[in-house]
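**Student:** According to our numbering, the sequence shown holds residues 101 to 251 in order. For every residue, glycine included, the Cβ atom is placed at its ideal position computed from N, Cα and C. Handing you this structure, nothing more for now.
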Amino acid sequence: MTERPFSISGELTEAGHSLVQRVYYEDTDFSGLVYHARYLHFLERGRTDYLRCLGVEQRELVSADEEGLVFVVHRMEIDFKSPARMDDVLTILTHTEKAGGAKMVLNQQIRSGETLLIAAKVIIAVINARGRPRRLPETLAVKFLEGSQPL
Numbered sequence: 101m102t103e104r105p106f107s108i109s110g111e112l113t114e115a116g117h118s119l120v121q122r123v124y125y126e127d128t129d130f131s132g133l134v135y136h137a138r139y140l141h142f143l144e145r146g147r148t149d150y151l152r153c154l155g156v157e158q159r160e161l162v163s164a165d166e167e168g169l170v171f172v173v174h175r176m177e178i179d180f181k182s183p184a185r186m187d188d189v190l191t192i193l194t195h196t197e198k199a200g201g202a203k204m205v206l207n208q209q210i211r212s213g214e215t216l217l218i219a220a221k222v223i224i225a226v227i228n229a230r231g232r233p234r235r236l237p238e239t240l241a242v243k244f245l246e247g248s249q250p251l
C-alpha cells in the first residue's frame with residue numbers, strides 16, 4: 101500500500117490549520133460557479149478537521165464529564181470576494197482569534213492559489229450537553245491558541 105503524501109484532515113501550521121479540498125460538480129450551480137451555501141460546507145470541514153488535528157474529538161467531549169461539552173456556531177460573518185469553479189483546488193485556512201469563557205472566535209479563509217475567495221469570522225458558543233452555556237476548559241483554550249498566528 102502506498103503512503104499518502106498528506107493527511108486527509110489537513111495540517112496544523114504556524115497560522116492555524118490548512119485543509120485542501122477540490123470543487124466537485126455537486127458544489128456548483130447552473131452557472132458552473134460554487135453555490136454560495138456550499139462554502140458553509142467547506143468552512144465546516146475546515147473547522148472540524150482543525151479540531152481533529154488538535155487532538156480534540158467532539159464525540160468524546162459530549163460525554164467527557166458529567167456536564168458534557170459541545171461547540172455550536174452562534175454567529176458567522178462571511179465576505180464573498182471571488183467565485184470558485186468546478187475542479188478548482190481550494191485551501192481552507194482556520195485560525196483561532198479568541199478562546200476562553202463560553203466562546204471561541206475563529207477566522208477562516210478559502211483560497212484558490214493566492215486568490216482570496218471567502219473571508220469568514222465564526223463565533224462558536226461553548227455549551228453543555230443540555231444546551232446551556234459553559235466555560236471552555238483552560239486546557240482546551242490553550243490548545244486552540246498555541247501557535248495560531250493571524251491569517
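1. With distance defined between alpha-carbon atoms, name the residue in S107, G116, R175 and L161 nearest to E246.
2. DSSP beta-bridge partners for P233?
3. Who are the near neighbours of F180 in its chain, counting only those whose CB is closer than 8 Å to its CB and skipping five residues on each side?
4. Buried or exposed: where does A164 fall if 16 or more other Cβ atoms within 10 Å of its Cβ makes it buried?
5. Taking the beta carbon of Y125 as the centre, do at least 16 other beta carbons fall within 10 Å, making it buried, or is it exposed?
6. Where does F244 fall in DSSP's three states?
7. Excluding the 5 residues flanking A241 on each side, which residues of the same chain have their C-beta closer than 6 Å to its C-beta?
8. How many angstroms separate the CA atom of E114 from the CA atom of A229?
**Tutor:** So, from the data block:
1. G116
2. I227
3. H136, Y139, L217 and I218
4. exposed
5. exposed
6. helix
7. A199 and G200
8. 32 Å
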